[in-house]
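K.L.:
Residue numbers (this note's numbering): 3 to 290.
(1) Can you tell me the Cα-Cα spacing of residue 221 and residue 210, whole angstroms?
(2) What does residue 40 pair with, by DSSP beta-bridge criteria?
(3) So for residue 81, helix, strand or coil by DSSP?
(4) For the beta strand (DSSP E) containing residue 93, name the first residue and the last one.
(5) Are residue 121 and residue 66 closer than 8 Å when you measure CB to CB?
(6) Helix or strand or just coil, what does DSSP make of residue 130?
(7) Look at residue 188 and residue 63 and say whether their C-beta atoms are less than 8 Å apart.
(8) Within the present structure, is the beta-carbon of residue 181 separated from the nearest heavy atom of the ligand PLP by less than 7 Å?
(9) Within 8 Å, do at least three Cβ pairs link the stretch 45–64 to the stretch 253–264?
(10) Name the one or two DSSP bridge partners that residue 64 has.
(11) So, is residue 9 buried or exposed, given that buried needs 16 or more other C-beta atoms within 10 angstroms?
(12) Bridge partners for residue 152 per DSSP, in chain order?
(13) Alpha helix (DSSP H) containing residue 251: first to last residue?
(14) So who's on the other strand from residue 58, going by DSSP bridges?
Right, here's the structure in full:
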């Protein structure tokens, strides 16, 4: 605490959509009396692990990882990354059938990522290798892996790398569930901050997202720093894919989709069977 101002650390992944939504909060554009927010940039698998330890007051995590951190954190009703008929993709260097890809080791961006759970739900028990998300495409191109699951801006740039699309998990989940969005990431706030501060922080995050959407120019410029070389048009397109009205509020079908995703994970042994999915609450939501 400096001069009576308390620092709240926000862990999020180094990608444009997270940077966009947290821009107003972490740069001081949004007033948060008595508090300042600083961001800590880590890949999603590391964030999932840090959340197990309760490292950061606020963090982005994979929805797949939430049951394991639910004793320490509340799940916010804002800040979602949900695929509205799009999402992580299974891609390969050479054209092959889905069955052929699933017979070989598949590169994935992390054990507790939602992409991993979606892969296992779609393809069954396949062999996987955990690879840093930004190394998956190069290691497919080199022939080290026949296929891999790509996330972040790779979902927009895979064609330029000469890769073939085998499965879009957002489309797959949409068809499987009758139109539900694919839940990928969420924001959590640590319970030991106290109920009132958790609610205040959630409201500030929501306001930061609303500011970015309503006044996008500065937030997009800020977000582009984490685009790993993508051009302005691709940066803007990627941000719009994952920062929208549902990021402000998951909405009833978004919350339903999260619960269903976790139940299906329980059914295949990838989510703790004792976790009470129906008891999941979303701080900031008005659920009846």
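Beta carbons are placed, not taken as given, at the ideal position from N, Cα and C, and that holds for glycine.
P.N.:
Looking at the coordinates:
(1) Roughly 10 Å between the two C-alpha positions.
(2) The partner list for residue 40 (beta bridge, DSSP) reads 11.
(3) Here residue 81 sits in coil by DSSP.
(4) Note, residue 93: beta strand (DSSP E), 91–94.
(5) Not in contact: residue 121 and residue 66 (Cβ atoms no closer than 8 Å).
(6) Strand.
(7) With contacts defined by Cβ atoms closer than 8 Å, residue 188 and residue 63 form a contacting pair.
(8) For the ligand PLP, the structure offers nothing, since it holds no ligand at all.
(9) With a cut-off of 8 Å, the stretch 45–64 and the stretch 253–264 do not count as touching, because too few Cβ pairs lie within range.
(10) DSSP, once it has assigned bridges, lists 187 as partnering residue 64.
(11) It is exposed - the Cβ of residue 9 has fewer than 16 other Cβ atoms within 10 Å.
(12) Paired residue(s): 91.
(13) Boundaries cannot be given for residue 251, as no alpha helix (DSSP H) includes it and DSSP labels it neither H nor E.
(14) For residue 58, which the question treats as bridged, DSSP gives no partner whatsoever.
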